[in-house]
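Novice: Below is a structure I'd like to ask you about.
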Amino acid sequence: MEQTNSGHLQKTLTPIMLWGLGVGYVISGMYFGWNIGLDKGGTVGLGIATVFILIMYITFSLSYSELACAIPKAGGAFDYAARAFGRDIGFIAGMAQWIEFVFAPPAIALGIGAYFHLLFPTIDAMIFAIVAYFIFTGINILGVKISATFELIITIIAVGELSLFAALTLPHFQIQNLQTNPFPHGISGIFAAIPFAIWFFLGMEGLANVAEETINPQQNITKGFMYSMITLGILAAMTFCAAIGVGGWEKVVYDSAGNVSDSPLPMALGQITGNSGIMYHMLVSVGLFGFVASFNGLLLAAGRVTYEFGKVGQFPRVLGKIHPRFHTPHWALVSNMVLGIVALFTGRSGDIITISVFGAICLYIFSCLSIIRLRKTEPDMPRPFHVPFYPVLPLIALTIASVALVAMTYYNFQLAIIYFAVIAVAFVLYKLFHSTDKAT
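Under the numbering used here, the sequence shown has 418 at position 393, and the numbering climbs by one with no breaks.
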């Protein structure tokens with residue numbers, strides 16, 4: 026099958042840029058979204074879920090590093106599963122990855138809109154969300170080095186802002202606030218909170234999708250994963266305790282009207298400074314960098330996934346073309362922007378997060394199965410990095426991810442139907458048109 030391409034992705038990314046991307050992909054999860062899990066499980070329910078999910082991400086990241094270094098291609102899980110199980114399974118894994126990366130940005134854009142609306146209450150939050158799509162899609166079209174450098178700068182600012190938030194709130198931390206109504210729904214709350222525990226860390230695997238643009242990917246991808254995971258684990262624990270410790274979990278979940286809020290950190294700080302202080306407004310203003318970091322980074326990763334599908338003819342081939350001047354997948358980025366803006370108009374950030382997490386969990390499962398399969402079928406394949414304690418670590422990640430998928434399906438059955446229906450329809454279309462394409 027002929028591949029249509031008009032250029033090549035350029036190798037420009039260094040380890041520090043990869044750290045910026047790895048943390049940047051995820052850091053908006055510290056600013057919003059995770060607090061919805063408190064509504065599901067309380068402090069204890071979300072806390073237990075987060076511990077298990079953190080274990081899953083540590084073991085998965087080490088396992089995924091082996092695949093990313095052995096098969097450094099922009100398709101990520103699509104390429105790994107295709108190598109291990111064939112093109113059909115590769116397509117399904119790739120679709121899971123595509124859903125994760127295409128549906129995470131609109132949830133973040135809604136968060137951007139919500140934060141801007143706090144600063145400019147007379148302007149509709151949706152306008153800010155749409156404008157963000159146009160601005161950062163444009164930045165990603167201009168070049169990966171420009172995008173990654175920008176990502177590094179705003180990620181550093183976002184990490185600094187979370188540190189400032191902790192410095193302002195931890196002096197007011199009281200242990201009894203973590204113990205107030207801590208387990209409102211019992212054991213079931215742990216499983217119901219899983220999607221929002223995953224949101225703390227979702228997207229870091231996008232580092233694998235820039236492997237083709239990384240200098241010496243066999244070494245630097247592993248460094249990027251490890252440094253990012255350490256940073257994110259510390260930030261998640263710090264943010265969780267600092268936000269809830271001020272006044273209890275309900276104060277960072279429900280707004281004055283009783284609705285679940287997308288602004289937990291301003292709600293926590295507002296209990297100390299009020300809603301009009303200098304520090305409050307600075308947190309809201311600078312806190313936007315956290316959203317921007319994840320939004321920009323995930324747009325980059327999503328563009329590479331769509332590009333890889335287009336390049337091999339499993340999406341329209343135009344999506345696999347590279348801009349002749351900027352050497353970026355411009356059509357893939359634009360198509361993802363259009364889909365993201367459509368998703369914005371649902372206005373349901375919790376549901377969009379959950380759909381994205383379904384894609385992520387399936388990606389993790391396929392990837393863990395791929396590493397086990399490839400160890401058996403291709404034992405001599407060059408592996409610059411070997412996951413330690415094989416097969417224990419991939420099996421731990423696979424087990425936790427599988428339990429998470431079952432729990433998410435049970436507690437979000439309608440969304441699960443939508444997710445699996447999208448996968449099924451896409452697979453049928455793939456078989457029809459891909460078979461026709463091969464026949465011609």
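From the three backbone atoms N, C-alpha and C, an ideal C-beta is built for every residue, glycine too.
If you draw a straight line from the C-alpha of residue 392 to the C-alpha of residue 415, how long is it?
Specialist: Start at 1 with the first residue of the sequence shown, and residue 392 comes out as number 367. Start at 1 with the first residue of the sequence shown, and residue 415 comes out as number 390. Going from the Cα of residue 392 to the Cα of residue 415 covers about 14 Å.
Novice: Excluding the five sequence neighbours on either side, which residues of its own chain have a C-beta within less than 7 Å of the C-beta of residue 73, listed in chain order?
Specialist: Numbered from its first residue, the sequence shown carries residue 73 at position 48. Around residue 73: 215.
Novice: Is it buried or exposed, residue 339, if we count other Cβ atoms within 10 angstroms and call 16 or more buried?
Specialist: Within the sequence shown, numbered from 1, the residue matching residue 339 stands at position 314. It is buried - the Cβ of residue 339 has at least 16 other Cβ atoms within 10 Å.
Novice: Within 10 Å of its beta-carbon, does residue 45 have 16 or more other beta-carbons around it, so buried, or fewer, so exposed?
Specialist: Here residue 45 refers to the residue found at position 20 of the sequence shown. Burial call: buried.
Novice: Locate the alpha helix (DSSP H) running through residue 206, then write down its first and last residues.
Specialist: Numbered from 1 along the sequence shown, position 181 holds the residue referred to as residue 206. Segment: none, residue 206 is in no alpha helix (DSSP H) and carries neither H nor E.
Novice: Please classify residue 411 as buried or exposed, where buried requires at least 16 neighbouring CB atoms within 10 angstroms.
Specialist: Numbered from 1 along the sequence shown, position 386 holds the residue referred to as residue 411. Classification of residue 411: exposed, given that the 10 Å Cβ count is below 16.
Novice: Any idea what DSSP makes of residue 38, helix, strand or coil?
Specialist: As a working note, residue 38 is residue 13 in the sequence shown. Three-state result, residue 38: strand.
Novice: Residues in the same chain with beta-carbon distance under 6 Å from residue 447, minus the five sequence neighbours each way, listed in chain order, please.
Specialist: Here residue 447 refers to the residue found at position 422 of the sequence shown. Result list for residue 447: empty, nothing under 6 Å.
Novice: List the whole-angstrom C-beta distance separating residue 440 from residue 379, where the pair is believed to meet the contact cut-off of C-beta under 8 Å.
Specialist: If you number the sequence shown from 1, residue 440 lands on position 415. If you number the sequence shown from 1, residue 379 lands on position 354. With 8 Å as the limit, residue 440 and residue 379 qualify as a contact, their Cβ atoms being about 5 Å apart.
Novice: Keeping to the same chain, check which residues put their C-beta closer than 6 Å to that of residue 195; ignore five residues upstream and five downstream.
Specialist: For the purposes of this step, residue 195 is taken as residue 170 along the sequence shown, with counting starting at 1. Here the set comprises 267.
Novice: Enumerate in chain order the residues of its own chain whose CB-to-CB distance from residue 305 is below 8 Å, with the five nearest sequence positions on each side excluded.
Specialist: Stepping through the sequence shown from its first residue, residue 305 is reached at position 280. So the qualifying residues of the chain are 291, 294, 295, 298 and 299.
Novice: Using the rule of at least 16 other Cβ atoms within 10 Å of the residue's Cβ for burial, across every protein chain shown, is residue 381 buried or exposed?
Specialist: As a working note, residue 381 is residue 356 in the sequence shown. Buried, because 16 or more other Cβ atoms sit within 10 Å of the Cβ of residue 381.
Novice: For residue 257, count the other beta carbons within 10 Å of its own beta carbon; 16 or more makes it buried, fewer makes it exposed. Which is it?
Specialist: As a position in the sequence shown, residue 257 is number 232, starting the count at 1. Residue 257 comes out buried.
Novice: Among 236, 400 and 131, which has the Cα closest to the Cα of residue 101?
Specialist: The residue labelled residue 101 in the question sits at position 76 within the sequence shown. Considering only alpha carbons, the answer is 236.
Novice: Distance, Cα to Cα, residue 234 vs residue 376?
Specialist: What you label residue 234 is simply residue 209 of the sequence shown in a count that begins at 1. What you label residue 376 is simply residue 351 of the sequence shown in a count that begins at 1. In a straight line, the C-alpha of residue 234 is about 25 Å away from that of residue 376.
Novice: Is residue 549 buried or exposed, if buried means 16 or more other CB atoms sit within 10 Å of its CB?
Specialist: No answer is possible for residue 549: it lies beyond the span of the chain, which begins at 26 and ends at 465.
Novice: Figure out for me which residue from 107, 193, 271 and 324 has the closest Cα to the Cα of residue 165.
Specialist: Taking the sequence shown and counting its residues from 1, one reaches residue 165 at position 140. Out of 107, 193, 271 and 324, 324 has the C-alpha closest to the C-alpha of residue 165.
Novice: Quick one, are the C-beta atoms of residue 53 and residue 250 less than 8 Å apart?
Specialist: Sequence index remark: in the sequence shown, residue 53 carries index 28 (1-based). Sequence index remark: in the sequence shown, residue 250 carries index 225 (1-based). Against a cut-off of 8 Å, the Cβ pair of residue 250 and residue 53 comes out as no contact.
Novice: What's the gap between the Cα of residue 157 and the Cα of residue 355?
Specialist: To locate residue 157, count along the sequence shown from 1; it is residue 132. To locate residue 355, count along the sequence shown from 1; it is residue 330. Taking the straight line joining both Cα atoms gives about 17 Å.
Novice: When the Cα atoms are used, what is the spatial distance from residue 260 to residue 408?
Specialist: Along the sequence shown, read from residue 1 onward, the residue named residue 260 stands at position 235. Along the sequence shown, read from residue 1 onward, the residue named residue 408 stands at position 383. So the two alpha carbons sit approximately 31 Å from each other.
Novice: Which residue's Cα is closest to the Cα of residue 253: 177, 303, 359 and 172?
Specialist: Reading the sequence shown from its first residue, position 228 is the one you call residue 253. Comparing Cα-Cα distances from residue 253 to each of 177, 303, 359 and 172, the minimum goes to 177.
Novice: Nearest CA to the CA of residue 66: which residue from 455, 275 and 111?
Specialist: Working through the sequence shown from its first residue, we reach residue 66 at position 41. Closest by alpha carbon: 275.
Novice: Grouping DSSP H, G and I as helix and E and B as strand, with all else coil, what is residue 285?
Specialist: Locating residue 285 in the sequence shown gives position 260, where the first residue counts as 1. The answer is strand: DSSP assigns residue 285 an E or B state.
Novice: Could you spell out the range, first to last residue, of the alpha helix (DSSP H) harbouring residue 12?
Specialist: Because the chain in this structure spans residues 26 to 465, residue 12 falls outside the shown range and cannot be described.
Novice: With distances taken Cα to Cα, identify the nearest neighbour of residue 213 among 330, 154 and 63.
Specialist: Residue mapping note: residue 213 aligns to position 188 of the sequence shown, counting from 1. If we check each option's Cα against that of residue 213, 63 comes out closest.
Novice: Measuring straight from C-alpha to C-alpha, what distance separates residue 240 and residue 174?
Specialist: What you label residue 240 is simply residue 215 of the sequence shown in a count that begins at 1. What you label residue 174 is simply residue 149 of the sequence shown in a count that begins at 1. Residue 240 and residue 174: Cα-Cα distance of roughly 15 Å.
Novice: Can you name, in chain order, every residue of its own chain whose Cβ lies under 7 Å from the Cβ of residue 69, other than the five neighbours on each side?
Specialist: Indexing the sequence shown from 1 puts residue 69 at position 44. Same-chain partners within the cutoff: 207 and 208.
Novice: For residue 90, count neighbouring Cβ atoms within 10 angstroms of its own Cβ and tell me buried if that reaches 16, exposed if not.
Specialist: Start at 1 with the first residue of the sequence shown, and residue 90 comes out as number 65. Answer is buried; the Cβ neighbour count reaches 16.
Novice: Closer than 7 Å: is that where the CB of residue 318 sits relative to any heavy atom of the ligand COA?
Specialist: Because no ligand of any kind appears in the structure shown, any question about the ligand COA cannot be addressed here.
Novice: CA-CA distance, residue 322 and residue 273?
Specialist: Stepping through the sequence shown from its first residue, residue 322 is reached at position 297. Stepping through the sequence shown from its first residue, residue 273 is reached at position 248. Each residue's Cα considered, the two are about 32 Å apart.
Novice: Which first and last residues belong to the alpha helix (DSSP H) in which residue 352 is found?
Specialist: If you number the sequence shown from 1, residue 352 lands on position 327. Counting along the chain, residue 352 falls outside any alpha helix (DSSP H), and DSSP gives it neither H nor E.
Novice: Who does residue 279 pair with in a DSSP beta bridge?
Specialist: Taking the sequence shown and counting its residues from 1, one reaches residue 279 at position 254. 285, per the DSSP bridge assignment.
Novice: Cβ atoms of residue 179 and residue 154: under 8 Å apart, would you say?
Specialist: One-based indexing of the sequence shown puts residue 154 at position 129. One-based indexing of the sequence shown puts residue 179 at position 154. Against a cut-off of 8 Å, the Cβ pair of residue 179 and residue 154 comes out as no contact.
Novice: With three or more beta-carbon pairs closer than 8 Å as the criterion, would you say the segment 101-121 touches the segment 390-406?
Specialist: Yes, the segment 101-121 touches the segment 390-406.
Novice: Is it buried or exposed for residue 425, if we count other Cβ within 10 angstroms and need 16 for buried?
Specialist: To locate residue 425, count along the sequence shown from 1; it is residue 400. Buried: at least 16 other Cβ atoms inside 10 Å.
Novice: Do the segment 77-84 and the segment 218-232 make contact, defined as three or more Cβ pairs closer than 8 Å?
Specialist: Because the criterion of three Cβ pairs below 8 Å is met, the segment 77-84 and the segment 218-232 touch.
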